Amino acid sequence: MDYDDVDVKLKEIEELLDRLGKQHPKEISAFSRFLRETLDNKALTTREKELIALALGIAQGCEWCIYLHTQKALEAGAKPEELFEAGLVAVLMAGGPALMHLIPLMKAIETFQKEHGEG
Numbered sequence: 012m013d014y015d016d017v018d019v020k021l022k023e024i025e026e027l028l029d030r031l032g033k034q035h036p037k038e039i040s041a042f043s044r045f046l047r048e049t050l051d052n053k054a055l056t057t058r059e060k061e062l063i064a065l066a067l068g069i070a071q072g073c074e075w076c077i078y079l080h081t082q083k084a085l086e087a088g089a090k091p092e093e094l095f096e097a098g099l100v101a102v103l104m105a106g107g108p109a110l111m112h113l114i115p116l117m118k119a120i121e122t123f124q125k126e127h128g129e130g
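Take a look at the structure:
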């Protein structure tokens with residue numbers, strides 16, 4: 012597997028947000044506030060919300076979302092089995108095309124485990 016894809020996609024997210032933050036500071040600031048408020052621990056934990064975001068990223072076919080929310084879910088304490096199960100729920104709801112997006116999920120899990128000396 013090409014693990015560089017994961018780092019490239021994460022870097023692209025960072026570059027996009029940086030560029031948009033400079034070009035459209037009010038909009039990106041508002042989005043960032045909404046994001047922080049939504050992901051804050053309330054009825055659902057951050058871990059649970061990141062698993063939901065991951066499943067939606069898979070269902071929508073967004074590799075950037077898959078890599079980002081895999082990383083964030085792991086940081087929030089999710090286990091690889093939970094990530095993969097969230098992926099399977101996405102496949103259940105979105106069908107065959109979502110199944111193919113388990114490929115970037117597996118890349119992301121393996122990359123982040125490798126970076127943190129797991130597996």
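Numbering-wise (our numbering), the sequence shown opens with residue 12 and increments by one. Just so it is clear, CB atoms sit at the ideal spot from N, CA and C, and this is done for glycine as well. Remember, it's a predicted structure, so these values are computed and weren't measured experimentally.
Within 7 Å, strictly: CB atoms of Ala87 and Glu126: The sequence position of residue 87 within the sequence shown is 76, counting from 1. The sequence position of residue 126 within the sequence shown is 115, counting from 1. Going by C-beta atoms, Ala87 is not nearer than 7 Å to Glu126.
Taking only the alpha-carbon atoms, compute the straight-line gap between Arg30 and Lys22 and give it to the nearest angstrom. In the sequence shown, residue 30 corresponds to position 19, counting from 1. In the sequence shown, residue 22 corresponds to position 11, counting from 1. Between Arg30 and Lys22, the C-alpha separation is close to 12 Å.
Between the Cα of Asp18 and those of Ile77, Ala89, Val100, spot the shortest distance and give me the residue it belongs to. The residue you call residue 18 lines up with position 7 of the sequence shown. Ranked by Cα distance from Asp18, the first of Ile77, Ala89, Val100 is Ile77.
Whether Leu94 touches Ala84 by CB criterion (7 Å): Sequence index remark: in the sequence shown, residue 94 carries index 83 (1-based). Sequence index remark: in the sequence shown, residue 84 carries index 73 (1-based). Yes.
Proximity to Leu99 [Cα-Cα], best of Cys73, Leu113, Phe123, Ala54: Against the sequence shown, residue 99 aligns to sequence position 88. Check the Cα spacing between Leu99 and each of Cys73, Leu113, Phe123, Ala54: the tightest is with Leu113.
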